[in-house]
Amino acid sequence: MRVQRAPEEGIPELTADAAALADARGELLAVSGPLAVDTERAQSFRYTGKAYLIQLRRGDGETILIDPIPFEGDQERADFSTLAADLADVEWIIHAASNDLPCLAEVKFTPKILFDTELAGRLLGYEKVNLAQLMADHLGVSIIKNHGAENWSVRPLPPSWRSYAALDVEHLAELRDVLAQKLKDASKWEFAQEEFAYLVAHAYDPLPVYDEPWRRTSGMHQVHGRRALAIIREVWLDRDQLAQASDTAPGRLLADKTLTAYADTLASRRKVDARFLRSLPDFRRPATLAHLKVWVEAINRALKLPESELPTRSKAKSPLPSQWAWKRTEPERYERYQRIRDVLAAEAVARELPLRNLLAPDALRQLIADVDAQPNTADIARLLTQLEVRPWQQNIVSPLIATNW
Numbered sequence: 000m001r002v003q004r005a006p007e008e009g010i011p012e013l014t015a016d017a018a019a020l021a022d023a024r025g026e027l028l029a030v031s032g033p034l035a036v037d038t039e040r041a042q043s044f045r046y047t048g049k050a051y052l053i054q055l056r057r058g059d060g061e062t063i064l065i066d067p068i069p070f071e072g073d074q075e076r077a078d079f080s081t082l083a084a085d086l087a088d089v090e091w092i093i094h095a096a097s098n099d100l101p102c103l104a105e106v107k108f109t110p111k112i113l114f115d116t117e118l119a120g121r122l123l124g125y126e127k128v129n130l131a132q133l134m135a136d137h138l139g140v141s142i143i144k145n146h147g148a149e150n151w152s153v154r155p156l157p158p159s160w161r162s163y164a165a166l167d168v169e170h171l172a173e174l175r176d177v178l179a180q181k182l183k184d185a186s187k188w189e190f191a192q193e194e195f196a197y198l199v200a201h202a203y204d205p206l207p208v209y210d211e212p213w214r215r216t217s218g219m220h221q222v223h224g225r226r227a228l229a230i231i232r233e234v235w236l237d238r239d240q241l242a243q244a245s246d247t248a249p250g251r252l253l254a255d256k257t258l259t260a261y262a263d264t265l266a267s268r269r270k271v272d273a274r275f276l277r278s279l280p281d282f283r284r285p286a287t288l289a290h291l292k293v294w295v296e297a298i299n300r301a302l303k304l305p306e307s308e309l310p311t312r313s314k315a316k317s318p319l320p321s322q323w324a325w326k327r328t329e330p331e332r333y334e335r336y337q338r339i340r341d342v343l344a345a346e347a348v349a350r351e352l353p354l355r356n357l358l359a360p361d362a363l364r365q366l367i368a369d370v371d372a373q374p375n376t377a378d379i380a381r382l383l384t385q386l387e388v389r390p391w392q393q394n395i396v397s398p399l400i401a402t403n404w
């Protein structure tokens, strides 16, 4: 195993102005082969998931580190659509593309042809598909991964961070070639091509918007009373406004675990003041103390709400039925779900695929919810098409579902 701590060709400087970007474009177009792409974000520090660094490497050219921020001008995001158009006929290699495509779409820099090394690993049935593990297993290279959780929005970027970022794309093309051959050997190349095309087609899809997002606060299992839920809701909404206005990750202003740990205690009081909140150890963090007045007002607002305006203990029902609800109210549908799921799970094992890559759980639940009469294979395939299940998946699961309905 070869341990690599720094890029073989040295640590790249940032591409941060029009002249440097023109040079980078020339470098990328002067060489051949697929384009390795990665991004660095700062979601533990910033409210948005924007890219603060884009790493590129093609063929035997140099690694390029683009700083998108100087290219924003008076816009919220940079626009690299011209560079993307120049590279439209090139296959882009991204590890875990579903993580990077949203922020790449924001700067209009997305592929037309994609190879996702993480997804390739999943389709090959590998248990561990993080980049470092795949590099070690298939290239015999151990890259040092020690700066992934940094605040990539800071400038200047330290050399050690730039070194880390460059390593993420230095061997990506080699890894792609190994995994591509393994996909072909396993008769899964067509599967992978459909999955990659699906990601490309949905690169500009909006991120999901959740009803009552405050219910996703970490540690909600600790909270019992409805008034405590109201406190979480009111504080969460005010915190979100502050976080958005200052482009700060909400948890840096007030940690979820602080909010859920004290919610029931706060709900037992008639009123709170700044002095009381300061007496709670977790409220003494500087960033939390800075907005103490906001937390006090939000908590007291919740304490004054009439019972009729308190949130319910359970969230609003999802339009997609739960199999556990079927167990209570529609046992036949529940048994059908369990039976088909078990058959598909066995098929996934036989094909060395994760079950969720063979058929997403939500797609199966929706199918079971929508169909009552015995369907045939063609009926199922048609319905799965409407659920955006890929053809390769349909070809495998449709006859199995029909047979075991």
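Residue 167 in numbering that gives the first Met the number 0 sits at position 168 of the sequence shown, with consecutive numbering throughout. Note that beta-carbon positions come from the ideal geometry of N, C-alpha and C, so glycine has one too. These numbers were taken from a predicted model, which means no experiment stands behind them.
For the putative contact between residue i and residue j, defined by C-beta atoms under 8 Å, what is the C-beta separation to the nearest angstrom?
i: E149; j: P6; result: Actually they do not touch by this definition, with Cβ atoms about 17 Å apart.
i: R76; j: K49; result: 7 Å
i: G72; j: S31; result: With a Cβ gap of about 32 Å, G72 and S31 do not count as contacting.
i: R83; j: F108; result: In the sequence as displayed, the identity of residue 83 is Ala instead of Arg. Indeed they touch by this definition, with Cβ atoms about 5 Å apart.
i: L252; j: A242; result: 6 Å
i: I379; j: R332; result: With 8 Å as the limit, I379 and R332 do not qualify as a contact, their Cβ atoms being about 16 Å apart.
i: D14; j: D66; result: This sequence places Thr at residue 14; Asp is not what is there. Confirmed, Cβ separation roughly 7 Å.
i: P158; j: I10; result: 5 Å
i: D78; j: V106; result: 7 Å
i: L383; j: A362; result: 7 Å
i: R274; j: L302; result: R274 to L302, Cβ: 16 Å. No contact.
Buried or exposed: which applies to residue i, given that a residue is buried once 16 or more other Cβ atoms fall within 10 Å of its Cβ?
i: E413; result: This structure does not reach residue 413, given that the chain is present from 0 up to 404, and the question cannot be answered.
i: S97; result: exposed
i: E334; result: exposed
i: A172; result: buried
i: K292; result: exposed
i: Q221; result: exposed
i: W160; result: buried
i: S397; result: buried
i: Y209; result: exposed
i: G139; result: exposed
i: A165; result: buried
i: K270; result: exposed
i: G25; result: exposed
i: G60; result: buried
i: W213; result: buried
i: A377; result: exposed
i: T62; result: buried
i: L240; result: Position check: residue 240 holds Gln in this sequence, whereas Leu was assumed. Exposed.
Can you tell me which residues form a DSSP beta bridge with residue i?
i: W91; result: L34 and L113
i: L13; result: L64
i: L52; result: E39
i: V2; result: S141
i: R57; result: L34
So, does the CB of residue i fall closer than 8 Å to a CB anywhere in chain B?
i: L52; result: Structure shown: chain B not included; a single protein chain is present.
Report the residue from the options whose alpha carbon sits nearest the alpha carbon of residue i.
i: K127; options: P353, A401 and V396; result: P353
i: V388; options: T14, E193, V342 and R283; result: E193
i: I230; options: L206, Y261 and Y203; result: Y261
i: R277; options: P310, L288, R269 and R268; result: L288
i: D184; options: A119, D246, L55 and L241; result: A119
i: R215; options: K187, W235 and L166; result: W235
i: I68; options: T402, R40, D371 and S217; result: R40
i: P360; options: S321, R381, A266 and A301; result: S321
i: D263; options: R274, G218 and A244; result: G218
i: N394; options: L304, F190 and D281; result: F190
i: L319; options: Q365, D85 and T81; result: Q365
i: L304; options: A266, R332 and L279; result: A266
i: R225; options: D239, V271, L156 and L309; result: L309
i: Y46; options: Q385, W151 and D371; result: W151
i: H94; options: D167, L383, D85 and L399; result: D167
i: Q373; options: E351, R350 and L399; result: L399
i: N145; options: L279, D371, Q3 and A349; result: Q3
i: D341; options: W391, W404 and A286; result: W404
i: Y125; options: L55, R350 and R238; result: R350
i: P280; options: I298, K256 and L383; result: K256
i: N356; options: I53, D272, L123 and L52; result: L123
i: L27; options: D78, E90, Q74 and W323; result: E90
i: A254; options: R268, R338 and R238; result: R238
i: I143; options: F114, R1, P155 and E8; result: R1
i: L113; options: V106, N129, D88 and E105; result: D88
i: T311; options: Q42, A227 and V153; result: A227
i: G147; options: L174, S80, S43 and A401; result: S43
i: A347; options: K187, Q74 and N375; result: K187
i: L358; options: A286, E233, D272 and I339; result: I339
- Message: Under 8 Å, with one C-beta from each stretch per pair, do the segment 179-189 and the segment 19-37 reach the 3-pair mark?
- Response: no
- Message: Whether or not the segment 198-209 and the segment 98-107 are in contact is what I'm after, with contact meaning three or more pairs of Cβ atoms, one per stretch, closer than 8 Å; do they touch?
- Response: yes
- Could you tell me whether the segment 31-38 touches the segment 133-149, using the rule of 3 or more Cβ pairs below 8 Å? no
- Inter-stretch contact (C-beta, 8 Å, three-pair minimum) for the segment 315-332 and the segment 287-301: Judged by Cβ distances under 8 Å, the segment 315-332 makes no contact with the segment 287-301, as fewer than three pairs qualify.
- Spell out a yes or no on whether the segment 201-214 and the segment 243-263 are touching, meaning 3 or more CB-CB pairs, one atom from each, closer than 8 Å. Three or more Cβ pairs closer than 8 Å define a contact, and the segment 201-214 falls short of that threshold against the segment 243-263.
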